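In what follows, a single structure is set out as structure tokens and then discussed.
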Amino acid sequence: MARKHNFYAGPAVLPVSVVKKAQENLLEYGNCGIGVAEMSHRSKEFDAIIKNAVLTAKRLYNVGDDYEVLFVQGGASMVMAINALNFVPEGGVAQFVDTGNWSKRAIKEVNRSKGSAEVLWSGAECGYSKLPDLSTLPFKKDAAFVHITSNNTIAGTQFRTFPKTEAPLFVDMSSDFFSHPIDVNQFGMLYGGIQKNLGPAGSALVIVRKDLLERIPEGLSEMLDLSIYAKKGSMYNTPAAFTIYMTSLVLEWLEKEIGGLENMAKMNAEKAALLYGAFDASGGFYQPVVKDPAHRSLMNVTFRLADAELEGVLIQEAAEAGLIGLKGHRSVGGLRASIYNSCPKASVEALVEFLSQFAKNKG
Ligand code: PMP
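375 is the number that the numbering used here gives the last residue of the sequence shown; the numbers go up by one with no jumps.
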């Protein structure tokens, strides 16, 4: 079987070595006589798996003991709902930087809570193709939290640095989680759906400062109370066990095969440079959606063709050539190549070669 070059935005490509190991362990995990997706989440084997996932995540990001690392089913969208219920008190205000659809979803949740959302900046007018200078925004000390989406999966923008805020800084890192080193101590919470950089779909990963959990009001449904996830080791109910197992493998791959986040960041920058470089070399045939290189995502590379009619042709011909998942998000159209951690450089090279040939043939 020839694996295709997979540029889907999530669920997305996984490292081949991880998939092969999972394939073996699906049949039999260790010497258990049963597969990894068939065992109790209360078994000692699964206990070791989830602990390994948490500890590997902590080592990779250098997370101190003042933070909890939790798995929350329902994905990043569930965490947005939980954040509104857990951390916005009656009359409280959470401040947002609106950099696209996913920021808007988080804003909507807060506006359904007992408090409200204040939008400090919105990129709606420029079609979310630009980012603000975060150092100029009026972050308030007494905000319930400040919320930023680090990487905008649909628009293709990415913040590489973050402001120091007095209120807890919450960052949705769904599409650039563990793609470069960060100082976790700067954040109240980092969260993201696992299905892009960390494993298959089925859960979100949350890294939250422990003291914030004390702010959670009484009386919430236990499934919507983050302190219950912390107390019960992410196992108040049955967790997404197979997803967590896969996440533990992907995190191990990052640590052992890639050699950590510094190396990962370098590889990601190289891949993105290849692709953005190909647009520059095309004499305008390919046009990056995000014009300012400092705002461009290294994970989701969005682009258009000068001749928009050719976009559908490109997607089709690329698929025939074994390059799949290049269609832009349905809300914006155009093209998007998602080149997450697990996307091999060889896939990006194949795409660059294809784009160059396509431009020659059609240009
Ligand atoms: N935030 C970002 C940045 C995303 O890209 C997505 C999904 N594409 C979400 C949140 C929503 O994630 P989920 O589907 O896990 O709820």
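Backbone N, C-alpha and C define an ideal beta-carbon position, used for all residues, glycine too.
Given the structure is predicted, the values throughout are model-derived calculations rather than measurements.
Go to residue i, then tell me how far its beta strand (DSSP E) extends in each direction, as first and last residue.
i, result
"Ile160", "Val158 to Thr161"
"Met201", "Met201 to Gly205"
"Ile166", "Note, Ile166: premise wrong, no beta strand (DSSP E); not H, not E."
"Ile327", "No beta strand (DSSP E) contains Ile327, which is instead part of the alpha helix (DSSP H) from Leu322 to Glu332."
"Ile351", "Neither: Ile351 is in no beta strand (DSSP E) and is coded neither H nor E."
Excluding sequence positions up to five away, which residues of its chain have a Cβ less than 8 angstroms from the Cβ of residue i?
i, result
"Leu286", "Lys357, Val360, Glu361 and Val364"
"Met51", "Tyr41, Cys44, Glu57, Phe58 and Ala253"
"Tyr248", "Glu234, Met235, Ile240 and Tyr241"
"Asn37", "Gly47, Val48 and Tyr257"
May I ask whether a heavy atom of the ligand PMP can be found less than 8 angstroms away from the beta carbon of residue i?
i, result
"Thr165", "yes"
"Thr161", "yes"
"Trp133", "no"
"Lys208", "yes"
"Ser186", "yes"
"Ser89", "yes"
"Arg117", "yes"
"Ala216", "yes"
"Gly22", "yes"
"Ala136", "no"
"Gly337", "no"
Start and end of the alpha helix (DSSP H) containing residue i?
i, result
"Asp441", "As displayed, the chain neither begins before 13 nor continues past 375, which places residue 441 out of reach and without an answer."
"Asn312", "Per DSSP, Asn312 belongs to no alpha helix (DSSP H); it is in the beta strand (DSSP E), Asn312 to Leu317."
"Ser89", "Gly87 to Phe99"
"Ala242", "Leu238 to Lys243"
"Ile256", "Ala253 to Glu264"
Rounded to the nearest angstrom, what separates residue i and residue j at their Cα positions?
i, j, result
"Ala88", "Ser186", "7 angstroms"
"Ala93", "Val218", "13 angstroms"
"Ala242", "Gln198", "20 angstroms"
"Trp133", "Lys33", "45 angstroms"
"Lys70", "Trp265", "14 angstroms"
"Leu202", "Arg221", "9 angstroms"
"Leu317", "Val344", "14 angstroms"
"Lys378", "Pro180", "Because residue 378 is not part of the residues shown, which for the chain are 13 to 375, the question remains open."
"Val25", "Ala167", "20 angstroms"
"Gly295", "Gly200", "44 angstroms"
"Val30", "Trp114", "29 angstroms"
Apart from the five residues on each side of it in sequence, which residues of its chain come closer than 7 angstroms, Cβ to Cβ, to residue i?
i, result
"Pro23", "Gln207, Pro212 and Ala213"
"Glu274", "Pro193"
"Lys374", "Leu322"
"Phe315", "Phe291, Tyr298, Gln299, Pro300, Val301, Gly346 and Leu347"
"Gly104", "Gly127 and Ala156"
"Ala281", "Leu310"
Excluding the 5 residues flanking residue i on each side, which residues of the same chain have their C-beta closer than 6 angstroms to its C-beta?
i, result
"Leu367", "Ala290"
"Ile62", "Ile256"
"Ala21", "Thr165 and Ser350"
Write down the C-beta distance between residue i and residue j rounded to the nearest angstrom, noting that I regard them as a contact closer than 8 angstroms.
i, j, result
"Ser215", "Asp188", "With a Cβ gap of about 18 angstroms, Ser215 and Asp188 do not count as contacting."
"Thr259", "Ala136", "Contact doesn't hold; Cβ gap of about 34 angstroms is too wide."
"Phe151", "Gln107", "6 angstroms"
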